[in-house]
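J.: Questions regarding the structure given below will be posed in turn.
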Amino acid sequence: MTKLVKTTGYEIDTPCIASQYQPALLAELALSRDISAYQLLKGARLQLDDFALAEKRISPDQYLTLIKNCQKLIDADDISFLLGQRLLPGFYGAVSQALQQVTNLRQAIEILCDYHSILSPLYTPRHYENDEEIFLFWLDSTGSHEQETFIIESHITAFVSMVAWLAGEKMPWQYEFTYAEPNYIEQYWVNFGQNLSFNQQMNRLRLPKQFLDKPWPNAFKLGIHGALKESNRQLAEEYSQYSFLDQLYDYIQLHINEPLNLDKVSFAFGISPASMKRKLKKHHTSFQQQIDLVRKHTAIYLYEVKKMNSQQIAEYLCFNDMNNFRRAFKRWTGISPYLLFAQ
């Protein structure tokens, strides 16, 4: 029997982001560059006074318009990195207090992921690990692919700089980006170092596992419990802990080793296939793109964590014919599985 999904996830047009959080930080940064407030807010359906209102909530598409305007108006390659340096721990209530009191990297990653609807509403961070490494990657949760580079630059800068501050040391991160190397690569060298790879399968950080549970100085082991308790209250007041695309990704991932089609998934979400198509189109994606995305990520996980080979991965993903799997894999990734996986 198909289990129904409680579809309350926020969408690209849902008023769910506190205007005084990330949007206010971006607006303040832009205005400090002598940008016209009128031009900055054009098309965003916002006024400057909105950023000071604790109860004001804006939609992801309003925030994305703000980002787009900022990119257009500020002729500088460092703006996303400067924003990132301001984002975390941030001033987002109890969740920010909890981040400041974490005892190690594992706890920081868990808080970032558990409270992502507050800390990272446009791109959802996810993580996994194998015997050697920890992997932290970000996924578009609101159909904001057009601003992917800006958002990823700011989010990774935010996390890496926060960790360096709290840990009291710079971590030997390995950086992977899905997009091509930008023509302002010197900004990456300054903010991230030289261990960079572009045109990869995920926007992802990798780190040797030895750093994951290493105690951090100045950790507040007792105080963090109270901060997390308050953070849970704060999270319960959010519109939703997940976006619609988050929920869809999780459902597909849970059932990825079963035959899936639009009708079955739509039924699980309690909507018609036509409504599912409309929702996905609104988020600038399609059902096939979402299936392919989860299959790609699952294949990579099975190889990196479960140490499966191509044949085993193909069988897990319900491919009985290796030629079909190779063709599908190349559609997902742009390359042959033989180039990505050891045989």
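Residue 1 is where the sequence shown starts when you use full-length UniProt numbering, and the numbers rise one by one after that.
Just so it is clear, CB atoms sit at the ideal spot from N, CA and C, and this is done for glycine as well.
1) Taking the alpha-carbon of residue 234 as reference, which of 245, 118 and 59 has the nearest alpha-carbon?
2) Would you be able to state if there are at least three C-beta pairs under 8 angstroms between the stretch 223 to 239 and the stretch 166 to 182?
3) So residue 79 and residue 70 are in contact, right, with Cβ under 8 angstroms, and what is the actual spacing, rounded?
4) Would you identify the three-state DSSP class for residue 343, choosing helix, strand or coil?
5) Name the one or two DSSP bridge partners that residue 140 has.
6) Take residue 253 and list the residues in its own chain whose beta-carbon comes closer than 6 angstroms to its own, dropping the five residues that flank it on each side.
7) What residue range does the beta strand (DSSP E) around residue 195 cover?
8) Verify whether the separation of the beta carbon atoms of residue 138 and residue 155 is less than 8 angstroms.
9) May I ask you to report which of helix, strand or coil DSSP gives residue 128?
10) Given this structure, state the Cα-to-Cα distance separating residue 263 from residue 165, to the nearest angstrom.
11) My understanding is that residue 103 touches residue 173, with C-beta atoms under 8 angstroms, so please give their C-beta distance in whole angstroms.
12) For the alpha helix (DSSP H) that contains residue 273, what are its first and last residues?
13) Do residue 311 and residue 322 have their C-beta atoms closer together than 8 angstroms?
14) Use the C-beta contact count for residue 297: other C-beta atoms within 10 angstroms, 16 or more gives buried, fewer gives exposed.
15) Measure the alpha-carbon distance for residue 272 versus residue 94 and round it to whole angstroms.
16) Since residue 140 and residue 245 should fall inside the 8 angstroms C-beta cutoff, what is the C-beta to C-beta distance between them, to a whole number of angstroms?
17) Report the three-state DSSP secondary structure of residue 239 (helix, strand or coil).
18) Could you spell out where the alpha helix (DSSP H) holding residue 323 opens and where it closes?
19) First and last residue of the alpha helix (DSSP H) that includes residue 23?
20) Look up residue 174 in the DSSP assignment and say whether it is helix, strand or coil.
21) Using alpha carbons as the reference points, say which of 191, 328, 146 and 327 lies closest to residue 283.
22) Evaluate residue 257 with the Cβ neighbour count: other Cβ atoms within 10 Å of its Cβ, from every protein chain shown; 16 or more gives buried, anything less gives exposed.
23) Note down, in chain order, each residue of its chain lying with its Cβ closer than 7 angstroms to the Cβ of residue 300, except the 5 sequence neighbours on either side.
24) Just curious, the alpha helix (DSSP H) that residue 60 is in, first and last residue?
25) Mapping the DSSP letters down to three states, classify residue 106 as helix, strand or coil.
26) Would you call the stretch 9 to 26 in contact with the stretch 49 to 63, where contact means no fewer than 3 C-beta pairs closer than 8 angstroms?
27) Assuming residue 163 contacts residue 108 under a Cβ cut-off of 8 angstroms, what Cβ separation, rounded to an integer in Å, is found between them?
28) Does DSSP classify residue 51 as helix, strand or coil?
T.: With the structure as the only source:
1) Residue numbering aside, residue 234 sits at position 234 when the sequence shown is read from its first letter. The shortest Cα separation from residue 234 among 245, 118 and 59 belongs to 118.
2) no
3) Taking the first residue of the sequence shown as position 1, residue 79 is located at position 79. Taking the first residue of the sequence shown as position 1, residue 70 is located at position 70. Between residue 70 and residue 79 the Cβ distance is about 7 angstroms, and since that is below 8 angstroms, they are a contact.
4) One-based indexing of the sequence shown puts residue 343 at position 343. Residue placement at residue 343 cannot be trusted, given a pLDDT of 41 that sits under 50; what the coordinates show is reported in the next sentence. Coil, per DSSP.
5) Walking along the sequence shown from the start, residue 140 turns up at place 140. According to DSSP, which records beta bridges pairwise, residue 140 is partnered with 123.
6) In the sequence shown, counting from the first residue as 1, residue 253 sits at position 253. Taken in chain order, the residues that qualify are 294.
7) Taking the first residue of the sequence shown as position 1, residue 195 is located at position 195. Careful: residue 195 lies outside any beta strand (DSSP E) and carries neither H nor E.
8) Sequence index remark: in the sequence shown, residue 138 carries index 138 (1-based). Sequence index remark: in the sequence shown, residue 155 carries index 155 (1-based). Yes, they are a contact pair.
9) Counting from 1 along the sequence shown, the entry for residue 128 is found at position 128. DSSP places residue 128 in strand when its eight states are reduced to three.
10) On the sequence shown, residue 263 is found 263 positions in, with the first residue counted as 1. On the sequence shown, residue 165 is found 165 positions in, with the first residue counted as 1. Cα-Cα distance, rounded: 48 angstroms.
11) Locating residue 103 in the sequence shown gives position 103, where the first residue counts as 1. Locating residue 173 in the sequence shown gives position 173, where the first residue counts as 1. So it is not a contact: roughly 20 angstroms between Cβ atoms.
12) For the purposes of this step, residue 273 is taken as residue 273 along the sequence shown, with counting starting at 1. First-last of the alpha helix (DSSP H) with residue 273: 273 to 282.
13) Your numbering for residue 311 matches position 311 in the sequence shown. Your numbering for residue 322 matches position 322 in the sequence shown. Contact: yes.
14) The residue you call residue 297 lines up with position 297 of the sequence shown. Residue 297 comes out buried.
15) Translated into positions along the sequence shown, residue 272 becomes position 272. Translated into positions along the sequence shown, residue 94 becomes position 94. In a straight line, the C-alpha of residue 272 is about 39 angstroms away from that of residue 94.
16) Counted from its first residue, the sequence shown places residue 140 at position 140. Counted from its first residue, the sequence shown places residue 245 at position 245. About 7 angstroms; that satisfies the 8 angstroms criterion.
17) Mapped onto the sequence shown, residue 239 falls at position 239. Of the three classes helix, strand and coil, the one that applies to residue 239 here is coil, per DSSP.
18) For the purposes of this step, residue 323 is identified with residue 323 of the sequence shown, where counting begins at 1. Residues 322 to 333.
19) Residue numbering aside, residue 23 sits at position 23 when the sequence shown is read from its first letter. Segment 22 to 31, the alpha helix (DSSP H) holding residue 23.
20) In the sequence shown, residue 174 corresponds to position 174, counting from 1. Strand at residue 174.
21) Counting from 1 along the sequence shown, the entry for residue 283 is found at position 283. Out of 191, 328, 146 and 327, 146 has the C-alpha closest to the C-alpha of residue 283.
22) In the sequence shown, the residue the question calls residue 257 occupies position 257. Its Cβ having fewer than 16 others within 10 Å, residue 257 is exposed.
23) Sequence index remark: in the sequence shown, residue 300 carries index 300 (1-based). Excluding sequence neighbours, residue 300 sits near 201.
24) For the purposes of this step, residue 60 is taken as the residue at position 60 of the sequence shown. Unbroken alpha helix (DSSP H) run through residue 60: 60 to 73.
25) Here the question's residue 106 lines up with position 106 in the sequence shown. Of the three classes helix, strand and coil, the one that applies to residue 106 here is helix, per DSSP.
26) yes
27) Looking up residue 163 in the sequence shown gives position 163. Looking up residue 108 in the sequence shown gives position 108. Yes, they are in contact, since the Cβ atoms of residue 163 and residue 108 sit about 6 angstroms apart, within 8 angstroms.
28) As a first step, residue 51 must be located in the sequence shown, where it is residue number 51. Here residue 51 sits in helix by DSSP.
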